[in-house]
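**Student:** Here it is, the structure, as structure tokens.
2 protein chains.
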Amino acid sequence: MAVFSKTCEYAIRAVLFISHKTAAGGKIGIKEIANGIDSPEHFLAKILQDLSRKGIIQSAKGPNGGFYLDEHALKLSLSAIVEAVDGDALFTGCALGLKQCSEVNPCPLHNQFKTIRSEIHNLLNTKKIGEFNDELALGLRCLKK
Amino acid sequence: MAVFSKTCEYAIRAVLFISHKTAAGGKIGIKEIANGIDSPEHFLAKILQDLSRKGIIQSAKGPNGGFYLDEHALKLSLSAIVEAVDGDALFTGCALGLKQCSEVNPCPLHNQFKTIRSEIHNLLNTKKIGEFNDELALGLRCLKK
DNA sequence: AAAATAAAAGACTTTTTTATCTTTATTTAA
DNA sequence: TTAAATAAAGATAAAAAAGTCTTTTATTTT
Chain F
0 MAVFSKTCEY AIRAVLFISH KTAAGGKIGI KEIANGIDSP EHFLAKILQD LSRKGIIQSA
60 KGPNGGFYLD EHALKLSLSA IVEAVDGDAL FTGCALGLKQ CSEVNPCPLH NQFKTIRSEI
120 HNLLNTKKIG EFNDELALGL RCLKK
Chain L
0 MAVFSKTCEY AIRAVLFISH KTAAGGKIGI KEIANGIDSP EHFLAKILQD LSRKGIIQSA
60 KGPNGGFYLD EHALKLSLSA IVEAVDGDAL FTGCALGLKQ CSEVNPCPLH NQFKTIRSEI
120 HNLLNTKKIG EFNDELALGL RCLKK
């Protein structure tokens with residue numbers, strides 16, 4: 000199993016791509032995004048529509064339209080994307096799938112995974128959408144293949 | 000997204016249950032296991048058949064038959080179960096799903112997730128199947144609900 | 001040898017995830 | 001005000017994961 004769903008992988012890659020490509024203002028179209036992150040265009044469209052409805056990214060129709068990020072969106076952390084797409088199971092769920100697993104009723108892996116989950120949550124909370132722009136511009140980080 | 004697939008969650012819970020229930024020798028049947036970990040019986044049967052084929056657990060047909068663990072199996076770590084069921088994507092895959100993500104061609108989250116992945120791998124490598132028996136016997140750890 | 005027991009195997013169904021294709025609505029610019 | 005551009009929405013489809021049910025095979029006990 001992967002850490003994130005395919006949908007969430009595409010979502011994160013797309014948002015970072017939009018951030019990087021529109022850092023100088025302007026918008027970017029779905030075709031260019033799908034191509035830039037190597038994802039199926041129409042499937043990605045659905046994902047971005049959803050993120051747009053949830054206010055995580057912005058969009059505009061018509062000529063010169065496309066996707067972009069507003070001031071608010073730029074300050075969001077990666078966990079906002081993950082929670083919007085995959086929910087909070089990764090941060091709060093039991094590793095062994097037990098609904099009632101808790102401090103007082105722990106599964107065998109409860110304590111160990113509590114630590115790991117909080118590390119993941121902390122990492123995704125700390126990393127902001129816009130903070131990868133520079134390295135992406137320099138070609139030091141990859142979002143496709 | 001959860002950390003493990005549902006199949007893998009059942010697999011881990013079932014193997015720990017078998018270990019605990021057969022610690023004194025003897026075998027345990029699929030019905031009792033499914034009931035003990037709150038999983039669908041026939042679905043679990045398939046999972047255990049697979050683990051049995053792969054030598055991670057043992058089984059015997061006929062009256063007084065059932066599932067059990069041999070000497071070798073008891074020494075295995077949880078990562079053996081995870082790798083058998085979910086493969087090694089959790090330990091080696093790119094968080095953003097990029098096939099060619101690597102040290103020289105890293106995704107934006109490569110370094111952070113390298114650490115997290117190795118912590119998970121280390122945890123699962125360290126924990127042995129038999130080491131939960133005592134706490135399970137004392138009712139201090141839960142495998143169902 | 002027959003009956004009973006229990007896992008193994010096979011066929012099938014349902015649900016979820018991932019993906020594709022077509023049509024509609026909105027906006028801009030000529 | 002019409003044509004072009006572009007996201008939004010809807011309808012399917014394909015693939016994978018999860019779950020169920022039935023039949024077969026192997027083993028043991030009587």
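So the protein lines, in turn, are chains F and L.
The first sequence begins at 0 in numbering that gives the first Met the number 0 and counts up by one.
The second sequence begins at 0 in numbering that gives the first Met the number 0 and counts up by one.
Positions of the beta carbon are idealized from the N, C-alpha and C atoms, including for glycine.
What's the gap between the Cα of L/Lys20 and the Cα of L/Lys45?
**Tutor:** One C-alpha to the other measures close to 20 Å.
**Student:** Considering L/Gly86, what are the terminal residues of the beta strand (DSSP E) in which it resides?
**Tutor:** From DSSP, L/Gly86 is part of no beta strand (DSSP E); its letter is neither H nor E.
**Student:** For a quick check, are the C-beta atoms of F/Cys7 and F/Ile80 less than 9 Å apart?
**Tutor:** Taking 9 Å as the Cβ cut-off, F/Cys7 and F/Ile80 qualify as a contacting pair.
**Student:** I think F/Ser78 touches F/Asn124, with their Cβ atoms under 8 Å apart; what is that distance to the nearest whole Å?
**Tutor:** That belief holds up - the Cβ atoms of F/Ser78 and F/Asn124 are roughly 5 Å apart, short of 8 Å.
**Student:** In the DSSP assignment, the alpha helix (DSSP H) including L/Ser58 goes from what residue to what residue?
**Tutor:** No alpha helix (DSSP H) contains L/Ser58, which is instead part of the beta strand (DSSP E) from 57-59.
**Student:** Alpha carbon to alpha carbon, how far is L/Asp37 from L/Gln57? Give it in angstroms, no decimals.
**Tutor:** Rounded to whole angstroms, L/Gln57 to L/Asp37 spans 21 Å at the Cα level.
**Student:** Assign L/Gly65 to one of three DSSP states: helix, strand, or coil.
**Tutor:** In this structure, L/Gly65 counts as strand in the three-state DSSP scheme.
**Student:** Hey, how far is the Cα of F/Asp85 from the Cα of L/Glu130?
**Tutor:** Whole-angstrom Cα-Cα distance: 33 Å.
**Student:** Taking DSSP as the reference, what is the three-state secondary structure of L/Lys127?
**Tutor:** It is a strand residue.
**Student:** State yes or no: is the beta carbon of F/Leu135 nearer than 9 Å to at least one beta carbon in chain L?
**Tutor:** Chain L, which has a Cβ nearer than 9 Å to the Cβ of F/Leu135, makes this yes.
**Student:** What are the residues in the segment 75-98 of chain L lying within 7 Å of chain F by C-beta distance?
**Tutor:** Correct list: Asp85, Ala88, Leu89, Gly92, Ala94, Leu95, Gly96, Leu97, Lys98.
**Student:** Give a yes or no on whether the minimum CB-CB distance between F/Pro39 and chain L is below 9 Å.
**Tutor:** No, no contact with chain L.
**Student:** Taking C-alpha atoms, which residue in F/Glu70, F/Lys5, F/Leu73 lies nearest to F/Phe42?
**Tutor:** Taking only the C-alpha atoms, the option nearest F/Phe42 is F/Lys5.
**Student:** Chain F beta carbons: is any one of them nearer than 9 Å to that of L/Ile119?
**Tutor:** True, the Cβ-Cβ gap to chain F drops below 9 Å.
**Student:** DSSP on F/Ser76, reduced to helix/strand/coil?
**Tutor:** F/Ser76 falls in the strand class under three-state DSSP.
**Student:** Here's the rule I'm using: 16 or more other beta-carbon atoms within 10 Å means buried, otherwise exposed. How should F/Val14 be labelled?
**Tutor:** It is buried - the Cβ of F/Val14 has at least 16 other Cβ atoms within 10 Å.
**Student:** For the segment 53-69 of chain L against the segment 20-32 of chain L, are there 3 or more C-beta pairs whose distance is under 8 Å?
**Tutor:** As far as the Cβ criterion goes, the segment 53-69 of chain L touches the segment 20-32 of chain L, which means the pair count is three or higher.
**Student:** Can you tell me which of L/Ala83, L/Gly24, L/Lys74 puts its alpha carbon nearest to the alpha carbon of L/Asp51?
**Tutor:** Residue 51 of chain L is actually Ser in this sequence, not Asp. When each option's Cα is compared against that of L/Ser51, the closest is L/Ala83.
**Student:** Please confirm whether F/Ser58 has its beta-carbon closer than 9 Å to some beta-carbon of chain L.
**Tutor:** False, the Cβ-Cβ gap to chain L never drops below 9 Å.
**Student:** Under 7 Å Cβ-Cβ, which residues of chain F neighbour L/Phe131?
**Tutor:** Those within 7 Å of L/Phe131 in chain F are Pro107.
**Student:** Chain F partners of L/Leu73, CB-CB under 7 Å?
**Tutor:** Those do not exist, as L/Leu73 stays about 15 Å from chain F at its closest Cβ, beyond 7 Å.
**Student:** Can you list, in chain order, the residues of the segment 2-15 of chain L whose Cβ is nearer than 9 Å to any Cβ on chain F?
**Tutor:** Against chain F - using a Cβ distance shorter than 9 Å - the residues of the segment 2-15 of chain L are Val2, Phe3, Ser4, Lys5, Cys7, Glu8, Tyr9, Ile11, Arg12, Leu15.
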